[in-house]
Each structure stands twice: as C-alpha cells, then as structure tokens.
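>
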Amino acid sequence: MGNRESSRAVRSVAPGDSRFPTPRFRSISGLLLLDKPQGLSSNQALQKVRRLFRAEKGGHTGSLDPLATGLLPLCFGEATKIAGLLLGSRKAYETECLLGVTTTTDDAEGEVVRQRPVPAIDEATIRAALGHLSGRIVQVPPVYSALKQAGEPLYRRARRGEEVEVPSREVDVHRFDWLGRDGDRLRLLVECGSGTYVRSLVRDLGEALGCGAHVTALRRMWVEPFMQPAMFTLEQLEAIAARGEEALDACLLPLERGLAAMPQLPVSRAEAASLGQGRRLLRNDVAATEFACAIDPDGRLVALVEVDPTGEVRVRRGFSAGALAAQSPA
130 MGNRESSRAV
140 RSVAPGDSRF
150 PTPRFRSISG
160 LLLLDKPQGL
170 SSNQALQKVR
180 RLFRAEKGGH
190 TGSLDPLATG
200 LLPLCFGEAT
210 KIAGLLLGSR
220 KAYETECLLG
230 VTTTTDDAEG
240 EVVRQRPVPA
250 IDEATIRAAL
260 GHLSGRIVQV
270 PPVYSALKQA
280 GEPLYRRARR
290 GEEVEVPSRE
300 VDVHRFDWLG
310 RDGDRLRLLV
320 ECGSGTYVRS
330 LVRDLGEALG
340 CGAHVTALRR
350 MWVEPFMQPA
360 MFTLEQLEAI
370 AARGEEALDA
380 CLLPLERGLA
390 AMPQLPVSRA
400 EAASLGQGRR
410 LLRNDVAATE
420 FACAIDPDGR
430 LVALVEVDPT
440 GEVRVRRGFS
450 AGALAAQSPA
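Residue numbers (this note's numbering): 130 to 459.
(1) Mapping the DSSP letters down to three states, classify GLN465 as helix, strand or coil.
(2) Does GLU320 come out as helix, strand or coil in the three-state DSSP assignment?
(3) Can at least three beta-carbon pairs, one atom from the segment 348-366 and one from the segment 221-231, be found at a separation below 8 Å?
(4) Report the rounded CA-to-CA distance for VAL344 versus LEU193, giving the unit in angstroms.
(5) Sorted by chain position, which residues of the same chain lie with C-beta nearer than 7 Å to THR233's C-beta, five sequence neighbours on each side aside?
(6) Could you spell out the range, first to last residue, of the beta strand (DSSP E) harbouring GLY264?
(7) Between SER449 and the rest of its own chain, which residues show a CB-CB distance below 7 Å, the 5 nearest in sequence each way excluded?
(8) Could you have a look at SER457 and say whether DSSP puts it in helix, strand or coil?
(9) Touch check for the segment 291-305 and the segment 201-218: three-plus C-beta pairs under 8 Å?
(10) Using the Cα positions of ARG288 and ARG332, report the straight-line distance between them to the nearest angstrom.
(11) Are there 16 or more other CB atoms within 10 angstroms of the CB of ALA390, so buried, or fewer, so exposed?
(12) Would you list the one or two residues that DSSP bridges to GLU385?
(13) Just to confirm, are VAL431 and ILE424 a CB contact at a threshold of 8 Å?
(14) Which of the three DSSP states is assigned to ARG445 in this structure?
(15) Can you give me the C-alpha to C-alpha distance between ARG140 and ARG180, rounded to a whole angstrom?
(16) Taking 7 Å as the limit between beta carbons, can you name the residues of its chain near LEU163, skipping five residues before and five after?
(17) Run through DSSP, which three-state label would ASP306 get?
(18) Alpha carbon to alpha carbon, how far is PHE370 from LYS210?
(19) List the residues that DSSP assigns as beta-bridge partners of ASP301.
(20) Which whole-angstrom value describes the C-beta separation of ASP313 and GLY428, a residue pair presumed to lie in contact below a C-beta threshold of 8 Å?
(21) Measuring only the C-alpha atoms, how far is ARG446 from ALA421?
(22) Does DSSP classify GLU134 as helix, strand or coil?
(23) Between GLU441 and the rest of its own chain, which residues show a CB-CB distance below 7 Å, the 5 nearest in sequence each way excluded?
(24) Tell me, which residues are paired with LEU490 by DSSP?
(25) For ASP235, is the classification buried or exposed, using 16 other Cβ atoms within 10 angstroms of its Cβ as the cut-off for buried?
(26) Please classify LEU308 as buried or exposed, where buried requires at least 16 other C-beta atoms within 10 Å of its C-beta.
(27) To the nearest angstrom, how far is the alpha carbon of PRO195 from that of ALA399?
(28) For the alpha helix (DSSP H) containing ILE250, name the first residue and the last one.
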C-alpha cells in the first residue's frame, strides 16, 4: 500500500554539528519504476530511493513482500496524489512454488508446518486445479500479512502467537497458468486485480492437489498501465546518482504516464486556470465519468476531475503547476 513519508534527516546529529550537515531534501514530483530487490520490504526500498533523490515526499503503490522482486512503482511529490489509483490496477506475477510443504507464511520465509508426499499429478490435473482458482473467487489472505484488524497489522498479532482469524474476500484472478515443472517445483503465471495474494493462490492450489504448497520465488512483471516497464535497480540508480541529480531526475516519469488508461479531458489555458483555483466548468461535449485527466494545451496534468451527466466538471484532485514533468524512454 502507499506510504507517505515526511522529510527527515538520513542520520541523527547534534544541533550545529557542521561535520555532518543535514541533507537538504527537495521538492520533486514524478514516478519511478523500481526493480525491487529480494530481501527488502517495500518501505525499505522506497526510503533508499527517496534518499538518493533527496525527495521531500514519497510513497509506493502496492506492497511487495521481502521475498518478492520486480516492479514497484514509487511516487514522489505530487505523484503521491495518484498512488491510491495505481493500487487498484491489474498486476502480473511469475512465481515458483514447492509442492508437498506448507509454511506459516505460505512462502519460504515461514516455518514449515506440514510435509506431505506429492501424489502422481499430471499437467492436465494441475491445469484443472488452476482453472478452479481463476475468475472471481473467494480468497482468505495469509495470516502473516499487512492487512489490519483494529488498526494493527495481522502479522504482528501472529508473531505474538495470537490466534488470528482472517475474513475471506472476493478477488479477481484474470489468469492463472502453468509455465513449467521441475520435479515438485511448479512455475506459474498470475494476472490479478488489487488485493489478491499470490501466496494464498499457491496455498489453495497445493490443497486442491492434496499435498500443500508454498511460494519459493515471486516476481512482479507489470502493473497497469506500465505493461512493459523499463525498471531501474538500486545499483543502477546509485551509479546514475554519481553523475548528478539531473541524470537521476531523467529516470522519473511524469504523472500523466501513471494515468494513461484514464479518460482525458483537454482544457484551454483559461479552463486550466479555473480548475487550478478549484472552480467548476460546464462542458456539454464530455461524457459523464467518475475520473478524467484534465490536460492543458502543453500536455500537462492540471487536475483529476469528475464529470456529471449534466456536463459539470468538478475537481477531484488538483496538482501544483510546478510539478516536475520529467521525460523518460521507459
């Protein structure tokens, strides 16, 4: 989920200690497509990148477990205002699972709960089980997850040894496919909507096959609208940062790229100025929609707006005119 972090120093120093000046954070806006490494939480990865950019404000969209790698869109400055919209986007993962072993966390980071022999299972049987876990399904999220009950993440209660009951919920699994097999290890492809846990899919697949299973590797391939993302690793960003902030800022995408799938409403400069002041417009040439991007003649995002059936245009979320609109070949 998106996290917004206030500006803070990288290291704690005594007031007035000139040997260790507090780094100056700056106001920048844009999106960065990070290739998150294994072993870091999403927030840890965000903070490393935020310090490289010296960004005052940053957040991430859709947490990845420490075990997982791959696409983690990061939002800086004005882009944090669209983080919630990106959270609901369709996503794709490649995962590897081990049959015959279940764990407390449903992945390789947990303790082994049970081991069972793997029966003779052919490809047709596996594909049939995958089919039953596709479409609009009811899923129980993992006990060790960041979902909150009474304001506290479930994983904290589980770590204290408390008995945790996780309510089921409906999720969308657009695709759950077989990619290959090596002994008791399966490689799978998942395309899903927001709120779907791949760990739960693998756990339920293992139970359907009668032997249990857990995730051993997970990589997020894309998140709409970034279907073929040009991602940056932390190592690449550190090397680019050595060339200066101008080179680093060139890695950022403009806010508009994160909203590419949303309807666009071209507005004149006068209309853009009105929207910037929170005023309503009346347009009889626009279809009603809950969200649309108001774009000025220079192609800049002015505001996210709602258009009602009468053609009245209201600002849902405004953006600063000084927001960085960095360009990138990604």
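Cβ atoms here follow ideal geometry from the backbone N, Cα and C, with glycine treated the same way.
Looking at the atomic coordinates:
(1) Lying outside 130 to 459, the shown extent of the chain, residue 465 is not represented and no answer is given.
(2) Strand at GLU320.
(3) Because the criterion of three Cβ pairs below 8 Å is met, the segment 348-366 and the segment 221-231 touch.
(4) Those two C-alpha atoms are separated by around 13 Å.
(5) Around THR233: GLY239, GLU240, VAL242 and TYR273.
(6) Run containing GLY264: 264-268, per the beta strand (DSSP E) assignment.
(7) If we look at SER449 and ignore the five residues flanking it on each side, its Cβ neighbours are GLU207.
(8) Residue confidence is low: SER457 scores 36 on pLDDT, short of 50, so the model does not pin down where it sits. No coordinate-derived value is stated.
(9) Touching, no, given that fewer than three Cβ pairs across the two stretches are closer than 8 Å.
(10) So the alpha carbons of these two residues sit roughly 20 Å apart.
(11) In the assembly as shown, ALA390 is an exposed residue. Its beta-carbon has fewer than 16 other beta-carbons within 10 Å.
(12) Paired residue(s): none; GLU385 is not in a bridge.
(13) Yes, they are a contact pair.
(14) ARG445: strand per DSSP, three-state reduction.
(15) Note on ARG140: pLDDT 34, under 50, position unreliable in the model; the coordinate value appears next. If you draw a straight line from the Cα of ARG140 to the Cα of ARG180, it comes to about 11 Å.
(16) Listed in chain order, the non-local C-beta contacts of LEU163 below 7 Å within the same chain comprise ALA174, VAL178, LEU201, LEU203, MET360 and PHE361, local neighbours out to five positions each way being set aside.
(17) Here ASP306 carries a strand assignment [DSSP, helix/strand/coil].
(18) One detail in the question is off: residue 370 reads as Ala in this sequence, not Phe. Going from the Cα of ALA370 to the Cα of LYS210 covers about 25 Å.
(19) In the DSSP output, where bridge partners are listed per residue, ASP301 has ARG265.
(20) GLY428 and ASP313 do not touch by the CB rule: their CB atoms are close to 52 Å apart, not below 8 Å.
(21) A direct Cα-Cα distance of roughly 10 Å separates ARG446 from ALA421.
(22) At GLU134 the pLDDT is 32, less than 50, meaning the model places this residue with poor confidence; the figure from the coordinates comes in the next sentence. Strand.
(23) Taken in chain order, the residues that qualify are ARG409 and LEU411.
(24) Since the displayed the chain opens at 130 and closes at 459, residue 490 lies outside it and no answer follows.
(25) Residue burial is scored here from C-beta neighbours: ASP235 has at least 16 other C-beta atoms within 10 angstroms and is therefore classed as buried.
(26) Counting the other CB atoms within 10 Å of its CB gives LEU308 a total below 16, which places it among the exposed residues.
(27) Straight-line Cα distance between these residues: approximately 48 Å.
(28) Neither: ILE250 is in no alpha helix (DSSP H) and is coded neither H nor E.
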